[in-house]
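Trainee: Line by line, the protein sequences are chains A and B.
Converting from the first sequence to the numbering used here requires adding 15 to each position, the first position being numbered 1.
Converting from the second sequence to the numbering used here requires adding 15 to each position, the first position being numbered 1.
All residues carry an ideal CB built from backbone N, CA and C; glycine is no exception.
Since we're looking at a predicted model, the values are computed, not measured.
Number of protein chains: 2
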Amino acid sequence: MSLNGTAYLILGMLSIESDRSGYDIRKAVESSVSHFWRESYGQIYPMLKRLAAEGLIIPRQSNSKGRPERQEYSLSAKGRACLQDWLAAPYRDDPPRNEFLLKLFFGRSASPNACVQQVKNFQDKNKSLLSALLGIERWEQANGGGNPHLPYWLLTLSFGIAHLRASIEWSDAALATLESANPTATAGAKKRLKGM
Amino acid sequence: MSLNGTAYLILGMLSIESDRSGYDIRKAVESSVSHFWRESYGQIYPMLKRLAAEGLIIPRQSNSKGRPERQEYSLSAKGRACLQDWLAAPYRDDPPRNEFLLKLFFGRSASPNACVQQVKNFQDKNKSLLSALLGIERWEQANGGGNPHLPYWLLTLSFGIAHLRASIEWSDAALATLESANPTATAGAKKRLKGM
DNA sequence: ACACACATGTAATTGGTTACATGATTTC
DNA sequence: GAAATCATGTAACCAATTACATGTGTGT
């Protein structure tokens, strides 16, 4: 007993679609929730065994002509009940560690330019992730018709999008403060922007 | 060699103020960066030993009359250089796991009301954390005069504040979608609000 | 007397990534 | 024939929390 996030991830993925293998689940994670959850095979495969041993999921050998053997799983009634309990239980929030913010917090101890570079890099990464999520959102809205899970998926997407936008806006303000405190650091870049 | 976040947290904290003990560092973490970083004694004390052994920090016995013995540490030149290297190196971003979003993602497999409850709880928590951070921000702006680290601290604060606001706004929108998809679930609450 | 804050550590457990190891099938 | 993808797993290591264990000083 006493399951962790990995376990519920598996149960949840099987509740969306049955007869998935460990490999399938990993792929599904990467393509649908990777902006807020990741799993490695080193977590997934042992957990599949354990969940099967506890009767929460049901294994089934699949040998579709020629392809490598795969072990597929589906939810048992017990597993579904277990998932529902977890979904109704309060989530635990441990504020996640943020290495970027930690570097910024110690910014005064850094070499003059380092913070500005960090924030610029942060903003770039957020911008490119934002356009990726916006693309997925458009695609899902156009092609996801009839999928009963779609409203929930879109909520997690819009959450990500809202936070990325907040990060990008904050970055602008942060760069302004940093550059006003340390004007020389970016003089070269400013000249280039003005065509000099 | 090969230091982790805990190590740099310690170096950074000692760069802000010297002669701190493990206990001090833990307290400082809780009171200044706890909205994006936490450490337990189980991490701090062994790491202090290790950093001292590698010459990055310098231990000093302190026995101020009567009080329990404490082991204080300060940064060495090597430690300061090491911290600066880290501050200039690109941060690594692994998108943090978010259990709340995972539950929402599987929301379709939950009992009818569960999602709404989760989002309400999420919003409540964010609101109370927001007012806490706003309080800290006001206090720092009023009392932090002359502290050269303050601008950086305020940046991490405004980051938190911006994200909490984004979360709260998103929650409103999310509740609207969830309730329009599942109108009966909150009929009772609505009636009560209208005084019936 | 009791509780609380100060102070330092270790051990057990859990959680998680990465690298290793293997092999089949499909596509170019 | 080579490369990519499908497929499953283990071992070593690193990271982190929690519980345990101990003891002093301060304030009420």
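1. Kindly indicate if chain B contains any beta-carbon less than 7 Å away from that of Ser30(A).
2. By DSSP, does Ser146(A) sit in helix, in strand, or in coil?
3. Relative to chain A, which residues along the segment 116-131 of chain B have a C-beta separation below 7 Å, given in chain order?
4. Leaving out the 5 sequence neighbours to the left and right, which residues in its chain are closer than 7 Å to Ser91(A) when beta-carbon positions are compared?
5. Quick check on Tyr106(A): does DSSP put it in helix, strand or coil?
6. So who's on the other strand from Ser89(B), going by DSSP bridges?
7. Going by DSSP in three states, Thr201(B) sits in which element: helix, strand or coil?
8. Taking only beta-carbon positions, decide if Trp11(B) is within less than 7 Å of chain A.
9. If the criterion is Cβ atoms closer than 7 Å, does the pair Ser124(B) and Ala103(A) meet it?
10. Starting from the C-beta of Thr201(B), find all residues in its chain whose C-beta is less than 7 Å away, skip the five residues before and the five after it, and write them out in chain order.
11. Using a Cβ-Cβ distance under 7 Å, would Leu18(A) count as near chain B?
12. Which residues mark the beginning and the end of the alpha helix (DSSP H) in which Asp39(B) is found?
13. Is the separation between the beta-carbon of Asp50(A) and that of Pro110(B) shorter than 7 Å?
14. Report the three-state DSSP secondary structure of Phe121(B) (helix, strand or coil).
15. Please list, in chain order, the chain B residues whose beta carbon lies closer than 7 Å to that of Ala181(A).
16. Here's the rule I'm using: 16 or more other beta-carbon atoms within 10 Å means buried, otherwise exposed. How should Gln133(B) be labelled?
17. Indicate whether the contact test is met: 3 or more Cβ pairs, each with one atom in the segment 160-170 of chain A and one in the segment 18-31 of chain B, closer than 8 Å.
18. If distances are taken between C-alpha atoms only, which option among Thr21(B), Ser17(B), Asn141(B) comes closest to Lys118(A)?
19. Is Ala68(A) near the ligand PLP, going by C-beta to nearest heavy atom under 6 Å?
20. Which residues in chain B have a C-beta closer than 7 Å to the C-beta of Trp154(A)? List them in chain order.
21. Buried or exposed, going by whether 16 or more other CB atoms sit within 10 Å of the CB of Gly160(A)?
22. Can you tell me whether DSSP reads Glu32(B) as helix, strand or coil?
23. Pull up the distance between the alpha-carbon of Ile6(B) and that of Arg53(B), whole angstroms please.
24. Does the distance from the CB of Ile183(B) to the CB of Gln138(B) come in under 7 Å?
25. What do you get for Trp101(B), buried or exposed, if any count of 16 or more other CB atoms within 10 angstroms of its CB means buried?
26. At a CB-CB cut-off below 7 Å, which residues of chain A make contact with Glu45(B)?
27. So is Ala189(B) in contact with chain A if we call contact Cβ pairs under 7 Å?
28. In whole angstroms, what is the alpha-carbon distance linking Ile25(A) and Ile40(A)?
29. Please report whether the beta-carbon of Ala103(A) lies at a distance below 7 Å from any beta-carbon of chain B.
Mentor: According to the data block:
1. yes
2. Assigned with DSSP and collapsed to three states, Ser146(A) falls in helix.
3. Leu116, Leu117, Lys118, Leu119, Phe120, Phe121, Gly122, Arg123, Ser124, Ala125, Ser126, Ala129
4. Gly70, Leu71, Ile72, Ile73
5. coil
6. DSSP output for Ser89(B) lists Ile73(B) as bridge partner(s).
7. Only weak support is given to the placement of Thr201(B): the predicted model assigns it a pLDDT of 49, under 50, and the value that follows is read from those uncertain coordinates. In the structure shown, Thr201(B) sits in a helix (DSSP, three-state: H, G or I).
8. Summary: the structure shown does not reach residue 11(B), with chain B confined to residues 16 through 211, and so no result is reported for it.
9. no
10. Residue confidence is low: Thr201(B) scores 49 on pLDDT, short of 50, so the model does not pin down where it sits. Its coordinate-derived value is still stated next. Only Val131, Glu194 meet the Cβ criterion.
11. no
12. That run of the alpha helix (DSSP H) goes 37-47.
13. Rather than Asp, the amino acid found at residue 50(A) in this sequence is His. A contact, by the Cβ cut-off of 7 Å.
14. coil
15. Ala177, His178, Ala181
16. buried
17. Touching, no.
18. Among Thr21(B), Ser17(B), Asn141(B), the Cα nearest to that of Lys118(A) belongs to Thr21(B).
19. Because no ligand of any kind appears in the structure shown, any question about the ligand PLP cannot be addressed here.
20. Those within 7 Å of Trp154(A) in chain B number zero; the least Cβ separation is about 17 Å.
21. exposed
22. coil
23. No information on residue 6(B) is available, as it lies outside the stretch 16 to 211 that chain B covers here.
24. Against a cut-off of 7 Å, the Cβ pair of Gln138(B) and Ile183(B) comes out as a contact.
25. buried
26. Neighbours of Glu45(B) across chain A, judged by C-beta separation under 7 Å, do not exist; the nearest C-beta is about 12 Å away.
27. Yes, because at least one Cβ of chain A sits closer than 7 Å to the Cβ of Ala189(B).
28. 7 Å
29. yes
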